[in-house]
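Following my numbering, the numbering of the sequence shown begins with 1 at its first residue and continues without gaps. To keep things clear, I will list the structure first and then write my remarks on it.
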Amino acid sequence: MQIFISLQYFYFIEKLLVLLQDGRKLLGILRSFDQFANAVLEGACERVIVGDLYCDIPLGLYVIRGENVVLIGEQDLEREELPPHLTRVSGVEIKRAQKAETDATDLKGTMRKRMEFLDLD
């Protein structure tokens, strides 16, 4: 039982990355969890990456429902978190970049539907 407690304590002081089903990436310090993977992150933030831009949006204390968790991973604090080509921007700029990316994807989808009648196969 002593081994389990020490491992549990180890993870409560480490910064974790949590990947959710909807594609969001959350960073924070694990404070609690249960057998269903429900978790509580302290000092949580959502990392949004669009192209070469990224932003960490602070969330504070965050409760995650276990059915939404895809992956939980420990962050190595000795290594650099992000590749050097990524540029940190403000929340407003990242939202603008997300909207532009979504609009471009929607336009591509509507163009594909318009061209289906050509049957280029």
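Cβ coordinates follow ideal geometry from the N, Cα and C atoms, glycine included. Fair warning: this is a prediction, and the values are worked out from it, not measured in the lab.
Asked: L41 vs L20 beta-carbon contact at 8 Å; Found: no
Asked: Sufficient close CB pairs (3 or more, under 8 Å) joining the segment 63–72 to the segment 94–110; Found: no
Asked: N-terminal and C-terminal residue of the beta strand (DSSP E) that L77 is part of; Found: From DSSP, L77 is part of no beta strand (DSSP E); its letter is neither H nor E.
Asked: Euclidean distance between Cα positions of F33 and L16; Found: 13 Å
Asked: First and last residue of the uninterrupted beta strand (DSSP E) at G43; Found: A39 to V50
Asked: Sub-8 Å separation of I29 and C45 beta-carbons; Found: no
Asked: Coil, strand or helix - M1 by DSSP; Found: Unreliable positioning characterises M1 in this predicted model, as indicated by a pLDDT of 40, which lies under 50. The coordinate reading is nonetheless provided below. Three-state DSSP puts M1 in coil, outside helix and strand.
Asked: Backbone CA spacing between P84 and D52 [nearest angstrom]; Found: 10 Å
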